[in-house]
Every structure is written in C-alpha cells, then in structure tokens.
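Residue numbers (this note's numbering): 2 to 833.
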C-alpha cells in the first residue's frame with residue numbers, strides 16, 4: 002500500500018511540473034525499495050525533466066540490462082526514450098520483455114499500443130500479427146488488417162509495399178466469407194477498412210458492387226455515399242450516377258455533392274447524345290423542386306449552374322453567404338454583363354427597401370450589393386477621391402444600420418458590420434495610393450468603434466492587428482484565438498515579430514503559441530489508441546495525418562527560429578529547442594497557415610487586402626534554411642570554438658549558394674550578408690585574395706548600412722522599428738565577432754587588428770543610434786485634434802465622445818513609445 006502511495010506521489014509531482022520534487026521522492030523510494038524497478042524508472046524520468054539527459058539515460062541502460070517486464074516500468078521507460086528521441090530503444094525493451102513472457106496477452110497488447118503511440122508502423126504490424134496469431138480475438142484480426150493497410154501511407158520500397166498490400170487483401174477477404182462468423186463484417190467502420198484494402202488494389206468496380214449491394218446499403222454512411230459518387234464519377238458511369246443522384250434528391254438529401262454530381266452527369270450524358278433533352282428536363286425538374294427545397298442554398302447553387310445569377314441573388318440576398326456563393330459566377334461574366342447584373346441587383350435592393358418591413362433584411366441585401374459594387378468596380382475606383390467617396394458612403398450605411406432592434410445580445414455582431422469592413426478596405430486602398438498615414442488612423446478608429454458595438458467581431462480584430470502593425474503598434478495579445486488555431490492563425494501577428502518587438506512579453510506569447518505542438522505529441526497518440534480500442538478504423542488515417550501535419554508544420558519551425566532570434570537579442574544566449582523526432586516526423590514541411598481568413602471582396606486577379614496589408618513576406622522553406630545558417634553560426638560565435646566553426650561549415654552547402662532570398666526583407670538580407678562575410682573571413686583566412694575581397698565587402702557593408710536615415714521621415718511606422726532592431730543587432734553581432742576573434746584567433750594578426758577597428762566604429766555608431774532613438778521618442782506621437790474633429794459630428798450616434806478618441810490615440814502613442822523602450826532589451830546585452 003505504501004509503495005503504491007509513493008508511486009502516485011511521484012507521478013503527481015511530474016504531472017504538475019515539479020520534477021525536482023519527483024526526483025527527491027524517487028531517490029528516497031529507491032533507497033527503501035531497491036528491488037522495485039518502477040522507482041528507478043521514475044527517477045530516470047525525473048532526471049530527464051530537470052535537464053540531466055545523460056544521467057537519465059544511464060539509469061535506463063541499467064534497467065534495460067535486467068530486462069523489465071512490469072507494465073508500469075515499461076511505460077515509464079517508453080516516456081523517457083520518447084523524449085530522448087530514441088524510438089528504437091522502445092522497440093528493444095518490448096522485444097526483450099516478450100522473449101521472457103511471450104504468452105502474456107497484456108504485454109503484447111501494450112507493445113502494440115506503444116508502437117501505435119510512436120507511429121512505428123512496422124513495429125505496430127508485428128505486434129498486431131503476434132496478437133492475432135497467438136490469441137485469435139476478432140478485434141486483433143482487424144488491428145492486423147488496419148496495421149497492414151497503413152503501409153500505404155509511408156515511404157517504402159514498392160516491392161515491399163506490394164507484399165504488405167497482398168497480405169492485407171488476403172486477410173480482408175475473410176471478412177466477407179459466408180462461413181466465417183468470427184471475422185465477418187458487422188459495422189460501417191469495418192466496411193470502411195475492407196473498402197480501403199480493395200481500393201489499394203485498384204478494385205474500384207468491386208467496391209461499387211459492394212456499396213450497391215444490400216449489405217453495403219445496410220452500413221451506408223455519409224462518407225461511404227460520397228465515396229460511391231466519386232467512384233462512379235471516376236469510372237464515368239454517367240447514367241448510374243445520374244439516376245442515383247436523382248434518387249437521393251427525391252428522398253430529400255440536401256448534400257451539395259449530390260446536386261453537383263447530378264448536373265455533371267447530366268452534362269456528360271448530353272455530350273454523348275446531342276439530341277437528348279436531358280438538360281432541359283433537368284432545368285424543369287429543378288423548377289418543380291423549388292418549393293420543396295425553398296430554403297436550401299445547395300439546391301439553389303445547383304439551379305444556378307443551370308440558370309442565372311440574378312434569380313439566385315433575389316432568393317438569397319438576405320444570406321451572408323450570397324456574395325461568396327455568387328462571386329465566382331459573376332467573376333466569369335463579361336464586363337458589360339457584370340454592369341447589367343449590378344444594375345439589376347441595385348434595382349432589386351431598392352424594391353426591398355421600399356416594401357420590406359424588417360429593416361434588417363434590407364441591410365443584408367444592401368451589404369451584398371455593396372460587396373458586388375466593390376468586386377465589380379475595383380479597377381474603376383482609381384484615385385484618392387473615388388475611394389474616399391465610396392468609403393464615406395459605406396460609413397454612412399454602417400451608421401444607418403446601427404441599433405436596428407433590441408434582439409441583439411451582448412456577444413452578437415451588429416447587422417451592418419460588413420459595411421465597416423468594406424469602408425476600411427477602401428481606406429486601405431486610399432493609403433496604398435497616397436501613403437498618408439492619417440487614413441490608417443481613421444480606419445483604426447472606425448474599427449475600434451465597431452468593436453465597441455460588436456465585441457467579438459473576428460474580422461475587426463484581424464484588420465486592427467494589420468493596421469496597428471503598419472504603424473508600429475503591438476497588439477498580438479488581443480486576438481484571443483483558440484489553441485487549435487495557433488498553427489493556422491497566429492502567423493497573422495507573430496510573423497517575423499522578433500524583427501520589430503524584442504520584448505519579454507513577446508517571448509511569452511511565442512512560447513504560449515507552441516503549446517499546440519506539445520499537445521499534439523501527447524494527445525494524438527492517445528486518440529489513435531482509443532480509435533483501435535473502439536474499432537473506429539475510418540478515423541485512424543486521419544489522426545495520423547493530423548499528427549504528421551502538426552509535427553511537421555512549417556509554422557512550428559518558424560516559431561522555433563523566432564524564439565532563437567529573440568533569445569539572442571534580449572537574453573544574450575541561444576538555447577536550441579529540441580523538436581521531438583518521433584514517428585510523426587517527416588523530412589517535408591506542411592503549411593497549415595490559413596491565408597484566406599481575412600475577408601476579401603476585391604477582383605480575383607487583384608492583390609488582396611490580406612496580402613497588401615502584410616508588413617513582411619511570409620516565411621517558407623528557404624527562409625528556414627537561411628535562419629538555420631544564421632542561428633547556427635551565431636550559436637558557434639557565442640559558445641563554440643574556431644575548430645567547431647571550421648567543422649560545421651566544412652561543407653559549402655551550409656553557406657546557401659544560389660538560395661533565393663526574396664522572402665527576406667532588406668534588413669534581413671543585409672544581416673545574412675554580414676554574417677557570411679564574417680564566416681568567410683574566418684574559414685578563408687589562409688587565402689589572401691579571398692580574405693582581401695571579404696575585407697573590402699565588410700567596409701562597403703558598413704558604409705552602406707551604418708547610416709541613420711529615418712529621422713526625417715514624415716510618419717513613424719514598422720519599417721523604422723525594423724531598421725532600429727537591425728542596427729542594434731548589427732552592432733551586437735559585430736561585437737560578438739570581435740570577441741570571438743580576440744578569444745580564439747590572437748595569432749591571426751590582420752584579422753585581430755581588423756576586429757579591433759570594427760569595435761571602435763561600432764562604439765561610435767552605437768552612441769549615434771541611442772541618440773536617434775531618444776529623438777524619435779519625441780516625434781512618434783500622433784496629434785488627436787484632426788481625428789476628434791473628424792468624428793465629433795457622430796459622437797452621439799456612435800455612442801462615443803472626445804475622451805474615446807483621445808484614449809485610442811494615446812494608446813497608439815504609448816505603444817509606439819513602448820516599442821522604442823523595448824529596444825533597451827537589446828542594448829542591455831551589447832557589451833563593449
């Protein structure tokens with residue numbers, strides 16, 4: 002009893018992130034119970050959690066020699082080896098245990114789930130086959146088939162894959178044998194698995210026959226129905242596809258895929274028989290169905306492909322989705338037809354305004370009209386005045402739409418919020434035409450007013466983040482996104498953020514954003530285990546794909562380098578994050594960032610607001626390679642030796658020859674250029690010609706970049722902030738290089754003297770930057786008077802006052818001053 006209480010206490014300490022306490026408890030328990038391996042295993046895990054990897058590994062190696070078979074011990078060892086990226090050791094400890102206890106069913110099952118957790122498909126398949134052959138249970142049979150089927154999604158020799166595919170097929174055939182009651186299919190999940198095996202062999206016809214049979218219809222679900230339609234499409238069975246879609250529509254099925262396939266099959270049938278009236282019949286069929294599907298957008302989208310855009314608009318103009326659903330079709334119209342369409346929907350809108358009792362319905366129609374106005378006339382609004390007139394009209398329509406009724410709750414958005422979004426988009430375009438920052442401030446104040454009345458409008462927040470970033474204001478904490486969205490949305494406010502806002506609070510935000518990847522490592526393996534236990538075979542491949550996409554997310558690696566860069570700037574160290582290399586790790590990256598989250602109403606071929614409002618380019622794989630070079634070199638300058646540098650960069654591939662750097666900003670490009678000069682000076686010091694060439698490049702670099710050119714700028718914005726961070730980072734990196742040369746290269750007289758000269762240049766320029774920052778602090782404030790005068794006529798309508806405008810402007814001014822104050826984090830760590 003006491004032993005179990007001690008074990009639980011250690012587990013509790015570890016789960017609550019108190020590894021030192023766990024180490025203390027496990028050490029005491031080891032002394033009292035030296036024969037119990039569980040305390041040694043927990044001691045190893047505790048050592049690992051406090052950063053003593055070597056001692057933890059030694060403890061595990063000692064345990065391995067005794068070949069543990071206890072389930073708890075094996076599970077803890079599995080955790081240790083998993084965190085140490087030693088997947089093969091997990092396989093070994095289970096294989097050794099099974100040699101001692103080959104008939105222990107729980108041990109074999111634990112082996113299977115251990116392989117599932119680390120996504121070791123080969124080990125999983127061996128364990129599943131062992132379970133099936135030794136214990137013969139029904140579920141183990143399906144686990145074996147599923148494990149064999151997973152070889153389809155991993156990289157391997159094609160001959161090997163064919164071998165496993167054939168074995169899976171032979172096992173799957175027993176699922177449909179009449180006299181095989183033990184393994185016979187009995188659920189839709191098992192049918193999914195069986196069909197996937199057949200499709201791996203390319204037996205499409207067989208799958209269709211199964212799905213058409215009474216047996217297939219008994220276990221039919223939405224996914225299987227969609228699969229059947231896709232297979233009929235693939236085999237070009239147009240008659241069967243047409244009739245099946247018709248049957249589903251007649252039964253009231255409202256799935257867009259069914260409507261779409263219905264039309265596609267009809268068009269293909271008409272192609273083969275030009276005398277056929279099938280298209281006309283289909284149009285007539287849809288007209289007759291209008292009453293039955295009168296509130297179904299999917300039905301009307303289908304009808305749209307056979308009909309016209311205006312009737313669709315008239316039917317669904319009060320729906321938010323109307324614009325997005327119609328946009329593609331309107332975009333395909335000729336310019337003259339677009340103008341006619343716009344005139345028709347405006348006329349319809351006027352009719353609605355005259356007869357509609359509910360003002361909110363008129364607002365919904367008008368919003369869609371204005372979106373099409375923006376979309377169709379995007380290139381006609383060419384100058385500042387045209388955009389201002391359009392924006393002013395939208396602002397007026399937003400005013401008119403406020404407080405239409407008392408139905409809206411505290412968390413609801415106002416009906417006319419889209420008017421405000423369109424107005425802000427128009428102001429963006431005015432700014433990009435004129436480069437007058439006042440238009441951005443006006444847009445910010447409008448969105449702040451919008452948030453006052455629609456506190457949870459996500460589009461308002463996204464636009465504010467972009468606007469505030471453009472005027473050097475940090476707002477990354479305000480978006481309030483869910484953890485699952487960190488991988489898809491946090492790029493909006495954290496892309497290359499260390500170039501602009503070097504601060505401790507940003508460091509905390511970056512660390513918080515990484516939590517989804519830690520959760521993925523913990524949770525996806527357990528979801529897979531549950532899927533096997535519950536027989537949810539259709540979900541297993543999806544869970545694995547989800548785990549792989551997150552584990553290999555490009556944004557995860559971008560965050561890694563952002564944290565390393567920030568650590569270098571403000572903490573004066575470079576602590577490398579170990580990205581767990583497990584069974585979900587692949588060599589390629591997955592880009593999960595949602596670049597379409599921001600509303601966009603412009604013409605298809607135009608550069609969207611979501612792109613134009615970015616303050617920097619989006620990092621890609623090339624950017625990661627460049628950052629790997631940068632942080633590796635800086636790390637060696639910080640804590641490595643001259644020999645380490647020569648060994649690391651022995652291969653010229655790491656110098657990134659010919660790599661495109663168009664994803665770098667001007668300042669990023671210059672920083673990489675500086676580091677490459679440093680590297681060549683170090684590793685090519687024996688070649689006098691190369692050394693002289695690089696020395697001249699360094700002098701040119703200093704002449705070009707050690708210039709303060711922003712004090713006369715009219716507006717303070719993100720480019721000035723990035724420039725300042727770059728200048729301070731350059732000083733820091735040059736001093737780091739000088740210290741490295743003084744420490745390791747005293748015998749290289751020329752380089753030694755050159756580094757000393759560099760230090761003197763940096764010292765003088767550093768003082769100039771400090772003075773410039775102090776001067777900037779006096780210039781960054783925005784005068785609120787212009788904007789108070791602009792909004793004063795609408796104070797009562799918007800339910801704001803002079804204080805509201807003053808507060809928002811002062812908030813901007815304070816953040817700008819803080820952004821300059823944050824530079825102190827860098828200057829504190831520049832030591833001459």
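Every residue gets a Cβ at the ideal spot worked out from N, C-alpha and C, and that includes glycine.
Of the residues 439, 465, 438, which one's Cα is nearest the Cα of residue 450? 465
If you run the structure through DSSP and keep just helix, strand and coil, what is residue 554? strand
Any idea if residue 116 is buried or exposed, counting beta-carbon neighbours within 10 angstroms, 16 or more meaning buried? In the assembly as shown, residue 116 is a buried residue. Its beta-carbon has 16 or more other beta-carbons within 10 Å.
Pairs of beta-carbons, one from the segment 190–197 and one from the segment 172–180, closer than 8 angstroms: are there three or more? yes
Determine the burial state of residue 17: buried for a count of at least 16 other Cβ atoms within 10 Å of its Cβ, exposed for fewer. A residue is called buried when at least 16 other Cβ atoms come within 10 angstroms of its Cβ; residue 17 does not meet this threshold and is exposed.
Using a Cβ-Cβ cutoff of less than 8 angstroms, which residues in the same chain neighbour residue 132 once the five nearest sequence positions on both sides are dropped? 106, 109, 110, 113, 138, 141, 144, 145
For residue 579, name the three-state secondary structure that DSSP assigns. Bear in mind that a pLDDT of 47 at residue 579, under 50, signals an unreliable position, so the number given afterwards is only what the model happens to contain. Coil, per DSSP.
Between the C-alpha atoms of residue 732 and residue 448, what's the straight-line distance to the nearest angstrom? The C-alpha of residue 732 lies about 39 angstroms from the C-alpha of residue 448.
is_contact[residue 416, chain D] using C-beta, thresh 8 angstroms: The structure shown contains no chain D, having only a single protein chain.
Is the separation between the beta-carbon of residue 626 and that of residue 673 shorter than 8 angstroms? no
So, do the segment 501–518 and the segment 94–102 have three or more beta carbon pairs nearer to each other than 8 angstroms? Fewer than three beta-carbon pairs drawn from the segment 501–518 and the segment 94–102 are found closer than 8 angstroms, and the two stretches are therefore not classed as touching.
Run the CB neighbour count on residue 851, radius 10 Å, all protein chains shown included, and call it buried at 16 or more, exposed below. An answer regarding residue 851 cannot be provided, because it is not within the stretch 2 to 833 covered by the chain.
Go to residue 409, then tell me how far its alpha helix (DSSP H) extends in each direction, as first and last residue. Premise fails: residue 409 is in no alpha helix (DSSP H) and is neither H nor E.
Rounded to whole angstroms, what is the Cα-Cα separation between residue 213 and residue 205? 12 angstroms
Does the separation of the CB atoms of residue 209 and residue 232 fall below 8 angstroms? yes
Identity of the residue in 492, 712, 46, 727 nearest residue 667 by Cα: 727
Using 8 angstroms as the threshold, is the segment 557–576 in touch with the segment 816–832, meaning 3 or more CB pairs across them? yes
Please confirm if the segment 54–68 is in contact with the segment 18–30, defined as three or more CB-CB distances below 8 angstroms between the two stretches. No, the segment 54–68 is not in contact with the segment 18–30.
Within its chain, find whatever has a CB closer than 8 angstroms to the CB of residue 188; leave out the 5 residues flanking it on each side and keep chain order. 220, 536
Can you tell me whether residue 531 is buried or exposed, with buried defined as 16 or more other CB within 10 angstroms of its CB? exposed
Short Cβ contact (8 angstroms threshold) for residue 375 with residue 423: yes
Confirm the yes/no value for this check: CB of residue 253, any heavy atom of the ligand SAM, distance under 7 angstroms. This structure does not include the ligand SAM; it has no bound ligands of any sort.
Taking the straight line between their C-alpha atoms, what separation do you get for residue 798 and residue 393? 16 angstroms
Who are the near neighbours of residue 267 in its chain, counting only those whose CB is closer than 7 angstroms to its CB and skipping five residues on each side? So the qualifying residues of the chain are 243, 279, 280, 283.
Buried versus exposed, by CB contacts within 10 Å (16 or more), residue 719: Here residue 719 is buried: its Cβ has 16 or more other Cβ atoms, across all protein chains shown, within 10 Å.
How about the segment 550–564 and the segment 517–527: do they share at least three Cβ pairs that are nearer than 8 angstroms? Look at the beta carbons and you see the segment 550–564 touching the segment 517–527: at least three pairs across the two are nearer than 8 angstroms.
With DSSP collapsed to three states, give me the class of residue 826. helix
Status (buried if at least 16 other CB within 10 Å, exposed otherwise) for residue 155: exposed
State buried or exposed for residue 121, treating a residue as buried only when at least 16 other CB atoms are found within 10 Å of its CB. buried
Restricting to Cα atoms, I'd like to know which of 547, 363, 45 is closest to residue 348. For the set 547, 363, 45, the Cα lying nearest the Cα of residue 348 is the one of 363.
For residue 474, tell me which candidate among 675, 331, 734, 821 has the shortest Cα-Cα distance. When the alpha-carbon of residue 474 is set against those of 675, 331, 734, 821, the nearest one is in 821.
With a floor of 4 residues, list each alpha helix (DSSP H) that falls wholly inside the segment 174–222, ordered by position along the chain. 189–201, 205–213, 215–219
State the Cα-Cα distance for the pair residue 42 and residue 526, rounded to the nearest angstrom. Cα-Cα distance, rounded: 21 angstroms.
As a quick exercise: from 804, 787, 91, 639, pick the residue whose alpha carbon is nearest that of residue 739. Ranked by Cα distance from residue 739, the options 804, 787, 91, 639 are led by 639.
Where do the N-terminal and C-terminal ends of the alpha helix (DSSP H) with residue 1 fall, by residue? Because the chain is modelled from 2 through 833, residue 1 falls outside the range shown and cannot be assessed.
Determine the DSSP secondary structure at residue 1, reduced to helix, strand or coil. As shown, the chain starts at 2 and ends at 833. That puts residue 1 outside it, with no answer to give.
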